[in-house]
Structures are given as C-alpha cells and as structure tokens.
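Quick note: the sequence shown uses the numbering used here, first residue 747, plus one each step. Ideal placement from N, C-alpha and C gives every residue a C-beta, glycine not left out. Let me begin by presenting the structure, written as structure tokens, before commenting on it.
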Amino acid sequence: MFVSGQASDKNIVDFNLLSVKQFRKHQNSLNLSDIANIGKTWDKHRANAELVSNYYAAAGDHELNNYAWRIKICSEFLEFKLSPEEAGGIFKLKLLRTKFCRVRHCPVCQWRRSLMWKAKAYKILPQVVTDYPKYRWLFVTLTVKNCQISELRTTLDGMNKAFKRLTELKAWSAKGWVKSLEVTKGRDGVSAHPHLHILAMVQPSYFSHGYLSQVKWVTLWQQCLRIDYQPVVHISAIAKHHDPTILIPEILKYQVKESDLIADREWFLELTRQLYKTRAIAVGGVLKHYMRELEKKNQDLINCGEEMDEVNQETVSFQWDHKLHKYKTEG
Ligand SMILES: [Zn+2]
C-alpha cells in the first residue's frame, strides 16, 4: 500500500539518539520539544491555539466565547505509543490519545485536519492515476481582487457560483477536480484575499484539443464572475506521466495560514463570522467517487496515516503547560 512519507511521518517521532535507559531515567522531566522535532511543532500550534482562544474569549459573543473554552482544553494532554526501533535504542512515537476541540480555526485542529487530508489524498491519488493513466493534471489558482473582510462571505459566494458556471461551460474539459479555498490577509493588513486552488484532471488530448491558454482562462473566469476587470489566474501543468501527488501539499494546505490567524484579533473574529459554515474543500466529477471522504465531517484527527505494530506497547504522556508553553511529561 502506498502511504505518504511526508504526511504520515509527522506522527512518528525519532527520539534522537536517546536510549531506552536515558529515556526512563528522565521520564518525569522531559519536554516533548527536547526529545523530538515534532515536539516543537506541537508546542507552536498549541501556543497559537492559546492566542486564538484568548481572542475568542474577548469577543463578547456567546458563540465565540464557547469556542474559547473548547480551544482552551484542546489537546492539553497527549498520549503516545512508544515503540523501540529494531535498530535498537531509538524510540518512535505515535499519537494514541488526545481530545481535539474541532473548532474550525483552532491552530492545532487545523494542522491535524490538513495532515489527515494529505494522508488520505496520498493514498487515493495513485489509485486514480492507475485508473486513468493517460489523463493530465493541471493546477489552477483562481483569484479575485481583495475584498474587505466584512465582505468575504458575499465574495466567496460569488466565486463559488462563478466556479460552478465555469464547470458547466463547454470549454471546461476537466473530468474530475478538487477545489480548495484559501484566504490570506491582504498586504494592507485589513483586507482579505480569497482564492480557489483547483487540481484538475483533464483529457489526455487536452494539449492538442480544447487547450485553454492563460489568456483564455482569464477571459472565462472573468465571464463566469461577471465582473468588469481581468482577474489573476495561475495555471501550471504536471508533465506527461509525472505524478500529480506532488501537488497535494499545495491543494490541501491550510485554509488560512496560521500566521494570518493570529496576526490581528478583529480580523480573525470577523473571519470566523464570515467563514461560518462555508466549505473548505469540494470534490467534483469522477474524483468525487474517490475522494468523498475528504468532504466528511468529524474525521479522525489522531490516525493521520500510518499503522503500527500493537505488540509490546508502551505509552508516554505529555501535558500542556500553559505558563511555559511547552508539552511536558507529567513529573
Ligand atoms: Zn482544537
């Protein structure tokens, strides 16, 4: 079975040259970040979750205050499976148990969701390539002008309608596609830049029949948006017989960059209101059949890819220290 190195490895931690003996000796006073690179990643996301929780707590809105409490206790406690490597001495960690808050913009849950989506896509896409070996893959980014953050919802609504019109055009030759939404903070620090990333699978003959130049893409996107300016569109193609999985990190990255989430409280709170119940990822055409799971709610954020041997299982637990901003073993 094909399992992504990149996505699934995030779950596994190498105890850099730490022996079993050393580990047990220091077991009561270890920082997750001291024994594993992934520890720094956990600390970073968890510290940002703290910030976001504080933003929600100060929102003066019952619903958002509720998010604050949920995020506050998100992944406070992590339990990993500990299994010695065959090579001897070195440990691996796999997340076994924790409680995720599942609040949409929680930095920890957003990170886990992205890992989970990627792990799934890395499994599924090779199957699509096997079933449609001659099809070509395009990566298209459809944008509009920046909008005020207060107009984000209306803008997205217009973009999604325009995309639907695009897929109904005769010129649209994609057999299947994945569409993901990304919103970045405008350079002015107040506006929002929403854009759609599309991974599209097109007919093997696309480059000889029905090929759309960049100029043509712009014209069609403008027409579908029903706007009076030329929108920016980026297109790239995967070379013939090359693997589309290299596009997975681009297409399934965060909906909103973590640095944008934490940069400004008011922008963030308005973003939350504007994106409420909007859809992050949609799948169309023949890919729907393969990737339906990507659209599901309440997905498994613990098992993001790999399987491990259940034999000789030992576990190790870490607690989030709210003051030190570190995960520590419980001493
Ligand atoms: Zn969370």
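Query                                                                                                                                                          : Result
Assuming A814 and H1071 are in contact, meaning their beta carbons sit under 8 Å apart, how far apart are those beta carbons, in whole angstroms?              : The pair is not a contact, with the Cβ atoms about 18 Å apart (cut-off 8 Å).
For my contact list, V1032 and G956 are in at a C-beta cut-off of 8 Å; report their separation, rounded to the angstrom.                                       : No, V1032 and G956 are not in contact; Cβ-Cβ is about 17 Å, not under 8 Å.
Does the beta-carbon of A920, which I'm using as the reference point, lie nearer than 7 Å to any heavy atom of ligand 1?                                       : no
Considering only the alpha carbon of each residue, which of A917, C852, E825 lies closest to Q1078?                                                            : The first residue shown for the chain is 747 and the last is 1077, placing residue 1078 beyond what the model contains.
On the CB-based measure, 16 or more other CB atoms within 10 Å of its CB, does D974 come out buried or exposed?                                                : exposed
Rounding to the nearest angstrom, what Cα-Cα distance links A803 and R850 in this structure?                                                                   : 16 Å
Classify F1014 as buried or exposed, calling it buried when 16 or more other Cβ atoms lie within 10 Å of its own Cβ.                                           : buried
How long is the line joining the alpha carbons of R843 and A1026, rounded to whole angstroms?                                                                  : 26 Å
Can I817 be considered in contact with ligand 1, in the sense that its beta carbon sits closer than 7 Å to one or more heavy atoms?                            : yes
Helix, strand or coil, according to DSSP, for F1014 in the structure here?                                                                                     : helix
Please state the DSSP three-state secondary structure of K986.                                                                                                 : coil
Only counting runs of 3 or more residues, tell me where the beta strand (DSSP E) segments fall wholly within the stretch 919-982, in order along the chain.    : 920-931, 937-948
Distance, Cα to Cα, I984 vs K925?                                                                                                                              : 17 Å
Compute the beta-carbon to beta-carbon distance between C970 and R911, rounded to the nearest angstrom, for a pair I have assumed lies under 8 Å.              : 4 Å
Using the Cβ count rule (16 or more neighbours within 10 Å means buried), how would you classify Y1000?                                                        : buried
Just the C-alpha distance for N777 and D789, rounded to the nearest angstrom, thanks.                                                                          : 10 Å
Here's a check: name, in chain order, each residue in its chain whose Cβ is nearer than 7 Å to the Cβ of W857, leaving out the five neighbours to either side. : H791
Please classify I992 as buried or exposed, where buried requires at least 16 other C-beta atoms within 10 Å of its C-beta.                                     : exposed
Would you report the Cα separation of Y952 and S919, rounded to the nearest angstrom?                                                                          : 8 Å
Using a Cβ-Cβ cut-off of 7 Å (strictly less than) and excluding sequence neighbours within five positions of H941, which residues of its own chain qualify?    : T887, L888, T889, E928
Hey, how far is the Cα of Q976 from the Cα of G935?                                                                                                            : 23 Å
Spatial neighbours of S779 within its chain, please: C-beta separation below 8 Å, excluding the five flanking residues on both sides.                          : G785, K786, W788, D789, K1072, Y1073
Express the C-alpha separation of L828 and D782 in angstroms, rounding to a whole number.                                                                      : The sequence as given places Ala at residue 782; Asp does not occur at that position. The alpha-carbon atoms of A782 and L828 are separated by roughly 13 Å.
Just to confirm, does F846 get its C-beta within under 7 Å of one of the non-hydrogen atoms of ligand 1?                                                       : yes
Alpha carbon to alpha carbon, how far is I895 from G904?                                                                                                       : 15 Å
Which residues bound the beta strand (DSSP E) around V1062?                                                                                                    : 1060-1067
Got a sec: does ligand 1 put a non-hydrogen atom nearer than 7 Å to the Cβ of S937?                                                                            : no
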